[in-house]
Every structure is written in structure tokens, then in C-alpha cells.
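Here the structure is laid out as C-alpha cells; the discussion comes afterwards.
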Ligand code: ADP
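Numbering (my numbering), first residue to last: 336 to 749.
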């Protein structure tokens, strides 16, 4: 099957086409045929498409909305110049998988999208007012463009965390607010944490039951997850992605009183303060320079910038604190796994997160750590480290494609 995987933002659309089926999944032989990104939908859009083994196609075009963007993709996909084996027309796309941010309490697994599911997703808009409407735009557009005969599947960032126990997902506020409004921790990046746990099982030959690990998805958005017996039992993001680790532009954990205090001191509205906490805090807010880890490292190397260094120190300290916290929550872990842009590419960040953790028996091998970049997968701890530390590059699109395939074929979604 050729699965079109879509990740729609409010003005962007990221896609991949992945060839997969149950046999290919079993053999791990499913493969990416092409990928692409369209940004600034609604004005002169920026387009980058890439077919394996060919140089990228870059262009701009006035794309009004997601539907027009999808038409543009299909025209490119099926053109003679693009020539992707097995893709000649619209009929060669057999199913569509949508990355969907918030599944609320209803969607604990990936599901085939029908009218009832769409209503359920619309009900969740108030939980994710920025993300869910954008995901829904992609679903409406794909329905119009592909018609009702092409199955569509929703894969939710929150699903993997639906196994958290009450004591982990409830906040210490009056219980009626959970009952009335479903205020609780949901967690995000679930597809990525799930993929990392799956790769860990493959690398170690362990069963799901034997999988007790801490996964660290460290990109522009960042979260940690405590995985016990293969299931998420706690994660750092919460009711929204704002909670937990310090991130590129998000503050992570803070005392909520700061919001009220800032409103008074700055004469700011609640929206303005949340804008600060979501978009101007974290690594950007502390360094005053950038939210990008690469640029920070350059600043430190070239200018010895103190606040750039402070931003990295804080980023790592908060990760380390959660490693300790999840060690306690799980009565120890069998491995720590780093992933995503920073986790896969920044050895000095990994080293700092794991420094002075001899108490847990964690020791990083500097040589191995320095080598494990740009998509490499493997162990970065010393042979005598009591707890091995891994780098496992994430692949959310593969999970989206596989879930789509399984749901369409009525195979169990694991
Ligand atoms: P997201 O998907 O959340 O936007 P990514 O997983 O793509 O984020 O990660 C983006 C982050 O990874 C950025 O902070 C970027 O600077 C960092 N990153 C990417 N490559 C490197 C590198 N070689 N060294 C350090 N940081 C890197």
C-alpha cells in the first residue's frame, strides 16, 4: 500500500509517502518514496519536495488553502518528471494517515476517520485550539480531494500516554474540574516516544513487558516519558505542550502565580503573557538570542556568550531532574534513550544531561557519544555503565504510515 502521511499546521503541510503493508512491517522493509513541505499556505507558499536519490524540487506558488496545496502535491507526484515508481495517478494513493495533536480522553488508539470521529475531534478543539483545527483542515481537504473511498486514519499525539495512571495524570486541583472539564495531563509526542520504545525493543530483543526506559524527545518542542512494561506511565508535557521541560521557546514548568504577577507588572493581557510563555521563553528567552541549539553552540564557541551557555545549562538541568524523577517513579530504568533534533545531534547536551549521575550508574563514553550524530543509532554509554544510554533517531512518519495500514486492514494497532 502507498500511504500518504499528512502533518498539517495552520499554514503548513508536511507529507511523506510510505510504501508499507503487514508483511513489509514485519520485515521492517517499508520504505519512504518521497517527502515534502509546504509553508506559508494562504500567501505565496514555499515548496520543497524530495524524492529518494534525486535533488530536491523547490518552488513558490500562490496556494490559497490546504485543499489547493494538496492538489499541487498530487500534480507534482503524478507528473512525468517526478516519476515515483508505483505512483502514476491519484488512485495509487491507497490511504491517508493524519498526525493529530489532541485525542482527548476518547481516542486511545489510532482510528479510521468517519463523521463520528470528526465530531469527536471537533469536540477536542477546545483542548488544542491551535493544533486541532489545523489537523482538521487537512482532513477536510483530503476528503474533498481524494473522495470518500480513500480511507483516512487519525493518529493522535496523546494516545500513547492514555495508559498513565490517575495519580500521574491528575493535577492537584479540585477533582470536579477534571470531571467537568477534563482538566488533566494528556502528554504529547506520543508517536515519537512509542517509536523509540519500539526501536529499543528491536535493538535489545526485549519484549514489550520487559521494556522499562526513559525516552527523551528533544527537539524544538521537548518531552520526556517514563515507559514501564512498554507503556507510558508518566510524561512531562501536560494539559498542553507548555508543561515540563524547558524548550526552544516554551518555558516548561513554572509557578502559575507568575502569570498573574506578570500581567500586573507588565500591564499585559492573559493572551500576551501566554504568548510570552509559549513563544518567547525557553532557550530563546534565556539566551535572548535564538531558540536554535545549533546557533547557541556557535555563539558559545565564537563569543563565549554567558546567557547562551546558561540556556543550555538550564535545558540540561531540567532534563536531568526528570531523569531522576522517573527513576523514582519506575523504581529504576533499564535504559535512557535520546531522540529528535537535539537528542540526535548534540553530544554536548547529552553529556551534560547525563553528567554526575554515577549514583544511578550512568557513564557516558565520550568517543561513542561524539560519533552518534546525523541519524546514527546506538549506545553512547561506557561498557561498565549500569544503565545503557542510547541515541535512537525518531521516525514519527513511519508510525503514522504503519498505523494507517493496520487500521485500514483491521489488523491490531499495537
Ligand atoms: P521540531 O520537530 O520540534 O521542530 P526537531 O526535532 O527538528 O524539532 O529539532 C530541532 C532542534 O534540533 C533545534 O533546536 C536545532 O537547533 C536542533 N539541532 C538540529 N541539528 C543540530 C545539531 N547538529 N547540533 C545541535 N542541535 C541541532
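Glycine is no exception: its CB is placed at the ideal position from the N, C-alpha and C atoms.
Around the Cβ of residue 666, a 10 Å sphere holds fewer than 16 other Cβ atoms; the residue is exposed.
The C-beta distance from residue 476 to residue 429 rounds to 18 Å, too long to meet the 8 Å contact threshold. Nearest to residue 363 by C-alpha distance, out of 496, 706, 730, 652, is 730. If you look at residue 631, you'll find it in the alpha helix (DSSP H) that goes 628-638. Taking non-hydrogen atoms of the ligand ADP into account, the C-beta of residue 436 is found less than 8 Å away from none of them. Bounds of any beta strand (DSSP E) do not take in residue 444, whose DSSP letter is neither H nor E. Restricting attention to alpha helix (DSSP H) runs no shorter than 4 residues, the stretch 438-514 encloses them at 450-458, 467-481, 501-504, ordered along the chain. Comparing alpha carbon positions, the residue from 705, 721, 388, 439 closest to residue 692 is 721. Relative to residue 465, the option among 502, 347, 506 whose CA is nearest is 347.
Around the ligand ADP, the residues selected by a Cβ distance under 5 Å to any of its heavy atoms are 554, 555, 556, 627, 628, 629, 675, 676, 677, 680, 681, following chain order. Residue 397 is bridged by DSSP to 379. Within 10 angstroms of the beta-carbon of residue 483 lie fewer than 16 other beta-carbons, which makes it exposed.
Nearest in C-alpha terms to residue 664, of all of 339, 370, 502, is 502.
With respect to the C-alpha of residue 580, the residue from 635, 650, 608 having the closest C-alpha is 650. DSSP places residue 540 outside both helix and strand once states are collapsed to three, so it counts as coil.
Closest option to residue 498, judged by alpha-carbon separation, among 712, 701, 441: 441. Residue 550 is classed as buried because its beta carbon has at least 16 other beta carbons within 10 Å across all chains shown. In this structure, residue 438 keeps its C-beta atom at 9 Å or more from the C-beta atom of residue 356. If you ignore the 5 residues before and after residue 568, its C-beta comes within less than 8 Å of the C-beta of 498, 499, 500, 503, 561, 562, 664, 665, all in its own chain and listed in chain order.
Cβ neighbours of residue 422 within its own chain (closer than 6 Å, five residues either side excluded): 412. Three or more beta-carbon pairs drawn from the stretch 651-663 and the stretch 678-696 are found closer than 8 Å, and the two stretches are therefore classed as touching.
Its Cα nearest to that of residue 468, the residue 436 stands out among 495, 436, 480.
Residue pairing by DSSP places residue 351 opposite 340, 370 in a beta bridge. Residue 526 sits close to residue 735, with the two beta carbons spaced by under 9 Å.
In the displayed model, residue 743 falls within a helix according to three-state DSSP.
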